[in-house]
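For reference, the structure discussed in these notes is given below.
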Amino acid sequence: MPLSVVWRQSAKPETYEEARTRRLFNRDIPKRYPLAIAFAKTESDIVGAVKLAIEKGCRVSVLSGGHSFPACSVRDDAMLLDLGSYSNTSFDEETGVVSVSPSMTGRALNEYLTARGRMFQVGHCPDVGIGGFLLAGGMGWNFNNWGWSCEKILAIDVVAASGALIRADARQNNDLFWAARGAGPGFPGVVTRFHLQTRPAVKVVCLSRYVYAMKDYHAAFSWILKVPFTPEDGIEAIVIASYPPGTEEPCLTIALFGFGDDKHTVEQALQKAEDSRPPGALTHSVCTQTNLSELLESKADGYPHGHRYYVDNAYLKNDADVVSVLEQAFTTLPTKMSQVFWTGMKPCSRRQLPDMALSLQSDHFFALYGIWSHDSEDSTCKAWAGAVMKGIEPHSVGAYVGEFDFQGRRSEVWGIEQTKRLSEIQRRWDPDARICGCLGLDGAS
Numbered sequence: 001m002p003l004s005v006v007w008r009q010s011a012k013p014e015t016y017e018e019a020r021t022r023r024l025f026n027r028d029i030p031k032r033y034p035l036a037i038a039f040a041k042t043e044s045d046i047v048g049a050v051k052l053a054i055e056k057g058c059r060v061s062v063l064s065g066g067h068s069f070p071a072c073s074v075r076d077d078a079m080l081l082d083l084g085s086y087s088n089t090s091f092d093e094e095t096g097v098v099s100v101s102p103s104m105t106g107r108a109l110n111e112y113l114t115a116r117g118r119m120f121q122v123g124h125c126p127d128v129g130i131g132g133f134l135l136a137g138g139m140g141w142n143f144n145n146w147g148w149s150c151e152k153i154l155a156i157d158v159v160a161a162s163g164a165l166i167r168a169d170a171r172q173n174n175d176l177f178w179a180a181r182g183a184g185p186g187f188p189g190v191v192t193r194f195h196l197q198t199r200p201a202v203k204v205v206c207l208s209r210y211v212y213a214m215k216d217y218h219a220a221f222s223w224i225l226k227v228p229f230t231p232e233d234g235i236e237a238i239v240i241a242s243y244p245p246g247t248e249e250p251c252l253t254i255a256l257f258g259f260g261d262d263k264h265t266v267e268q269a270l271q272k273a274e275d276s277r278p279p280g281a282l283t284h285s286v287c288t289q290t291n292l293s294e295l296l297e298s299k300a301d302g303y304p305h306g307h308r309y310y311v312d313n314a315y316l317k318n319d320a321d322v323v324s325v326l327e328q329a330f331t332t333l334p335t336k337m338s339q340v341f342w343t344g345m346k347p348c349s350r351r352q353l354p355d356m357a358l359s360l361q362s363d364h365f366f367a368l369y370g371i372w373s374h375d376s377e378d379s380t381c382k383a384w385a386g387a388v389m390k391g392i393e394p395h396s397v398g399a400y401v402g403e404f405d406f407q408g409r410r411s412e413v414w415g416i417e418q419t420k421r422l423s424e425i426q427r428r429w430d431p432d433a434r435i436c437g438c439l440g441l442d443g444a445s
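Quick note on the UniProt record's numbering: the sequence shown kicks off at 1 and runs consecutively.
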């Protein structure tokens, strides 16, 4: 079958617009118009699309899962390479290595591995494509204890900007392998498959959940920051400000996820929080047994389809007064669908990272999600996000590239030396800037 391509100049307007926007999660659709949209179904299609772009003298952008909030794949006069119909998955029973194509979602990968008694740290939102998630670094489930998901990449198959299909790992083309772990949209090639080291599925997953009225913000947030969890406890802690279903006032939800192979150990760890919690919880549950599939589905409702989003984030300084710094963000949500959250990154944040593009982290990660329905709310929600981040910036050491929009503000997303090295790798592998890089960085459109 020949490569399917929808050209801007020759397609019916409605056909072109459907191809341009259909798979974008954020319905705040950008006014950027690719030269063409190519729909890959095979690895050969991906090679063919890159070579076609070379022939036409245009850039290439890549759409895997469609969850890039600034829609990095939609670029003016580029060839948008849509990988949504390209699926290539296999599993090696002897090594535990799973090989996946970029558009596979976290939900689908988890289902695939669960059936085989294995697991991988997929993202918290179930329908995010694995491609963008891994290239950015990957804040997977329990990443504060197990490490970044990209650390489990053993190799990648890549169509280079020249159109050549190559393998990159620790032994060959290792500069591309270095970049694949954290470069995000700045990766200078098109990954066709990730080869990932899985782990045996954990035997125990438990959840403790506490919901407080916002008047108890200081007491509840300060409490969870002081619970003496240890690296052996395997606890992931998240504090969320949102409007729970059926409520008219925003609430503070503290979710503690325990992962392990011994139920008693997980229960003891979660009991540390239960024994010290402040009074006044509106609702609470302790050590409810669950599994990763259920956790993924529980997160889906928090990121509704068909809405407009503005997203930003920051790594806070280790010694930041977190409760005070984040108070404006947590107590001024602009809509009932919006949410903000903090998560602790220790002990992962205190260890030396492997040599890879991903190079920033801290003890505290914060993210905001402005979510709304109508364009009439655009200015209000974006102004809220801008005001919140302006207050947080003095306390930040950088941002996570996976949920950052360079068009909105400036922040470090890699270390100084890693930024230089990534630029060198981009020039070496893509001297003509064929592959679209980070939208908004250095004026890139």
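Using N, Cα and C, we set each Cβ at its ideal position, and we do this for glycine too.
8 Å Cβ cutoff met for residue i and residue j
i	j	result
phenylalanine 120	valine 202	no
leucine 135	glutamine 197	no
arginine 434	alanine 71	no
isoleucine 240	alanine 220	no
valine 266	valine 204	yes
arginine 20	valine 74	yes
isoleucine 46	valine 128	no
glutamine 418	alanine 357	yes
tyrosine 210	histidine 124	no
alanine 387	leucine 282	no
alanine 49	aspartate 432	no
valine 340	tyrosine 369	yes
alanine 399	alanine 314	yes
aspartate 301	methionine 389	no
tyrosine 16	arginine 22	no
leucine 165	aspartate 175	no
aspartate 76	tyrosine 33	yes
arginine 79	alanine 38	What sits at residue 79 in the sequence shown is methionine, not arginine. For methionine 79 and alanine 38, yes; Cβs fall inside 8 Å.
valine 397	lysine 317	yes
phenylalanine 177	alanine 170	yes
tryptophan 223	serine 276	yes
leucine 24	glycine 66	yes
serine 208	leucine 270	yes
7 Å CB neighbourhood of residue i in its chain, flanking five on each side removed
i	result
arginine 27	Gly306, His307, Arg308
leucine 292	Asn110, Met119, Trp141, Val205
tryptophan 146	Gln121
glycine 163	Val47, Val50, Lys51, Ile54
alanine 320	His364, His395
residue 453	In this structure the chain extends from 1 to 445, so residue 453 is not present and cannot be described.
Cβ distance (whole Å) where residue i is taken to contact residue j below 8 Å
i	j	result
histidine 364	glycine 344	7 Å
serine 99	arginine 193	5 Å
cysteine 436	serine 103	With a Cβ gap of about 17 Å, cysteine 436 and serine 103 do not count as contacting.
leucine 83	leucine 63	6 Å
lysine 41	tyrosine 86	6 Å
lysine 272	proline 228	6 Å
glycine 131	valine 191	6 Å
Range covered by the beta strand (DSSP E) that runs through residue i
i	result
glutamine 339	339 to 344
aspartate 312	308 to 316
threonine 288	283 to 290
isoleucine 235	235 to 242
serine 423	Here serine 423 belongs to no beta strand (DSSP E); instead the alpha helix (DSSP H) covers 416 to 429.
threonine 21	Per DSSP, threonine 21 belongs to no beta strand (DSSP E); it is in the alpha helix (DSSP H), 13 to 21.
leucine 252	251 to 260
alanine 38	36 to 39
serine 396	396 to 398
tyrosine 369	364 to 372
leucine 439	Premise fails: leucine 439 is in no beta strand (DSSP E) and is neither H nor E.
serine 10	No beta strand (DSSP E) holds serine 10; DSSP gives it neither H nor E.
valine 227	Segment: none, valine 227 is in no beta strand (DSSP E) and carries neither H nor E.
Host alpha helix (DSSP H) of residue i (start-end)
i	result
isoleucine 54	43 to 56
cysteine 381	378 to 392
serine 359	Looking at the DSSP string, serine 359 is not in any alpha helix (DSSP H), and its letter there is neither H nor E.
valine 266	263 to 276
glutamate 324	What sits at residue 324 in the sequence shown is serine, not glutamate. From DSSP, the alpha helix (DSSP H) with serine 324 extends over 322 to 325.
isoleucine 156	Not the alpha helix (DSSP H): isoleucine 156 falls in the beta strand (DSSP E), residues 153 to 160.
Sequence-distant residues of its chain with Cβ nearer than 6 Å to residue i (five each side left out)
i	result
glutamine 289	Cys206
glutamine 106	The amino acid occupying residue 106 in the given sequence is glycine; glutamine does not appear at that position. Correct list, in chain order: Val122, Gly123, Pro126, Val128.
serine 359	Trp414, Gly415, Gln418
threonine 335	Trp372
proline 30	Ala71, Val74
glutamate 18	none
Sequence-distant residues of the same chain with beta carbon closer than 8 Å to residue i, five excluded per side
i	result
serine 90	Val98, Ser99
threonine 331	Met214, Tyr217, Ala241, Pro250
lysine 299	His124, Cys125, Pro126
Checklist entry - What alpha helix (DSSP H) runs, 4 residues minimum, are completely inside the region 168 to 221? => result 174 to 180
Next on the checklist: Give the list of continuous alpha helix (DSSP H) stretches no shorter than 4 residues that lie fully inside the region 71 to 157.
Outcome noted: 106 to 114, 130 to 136, 143 to 146
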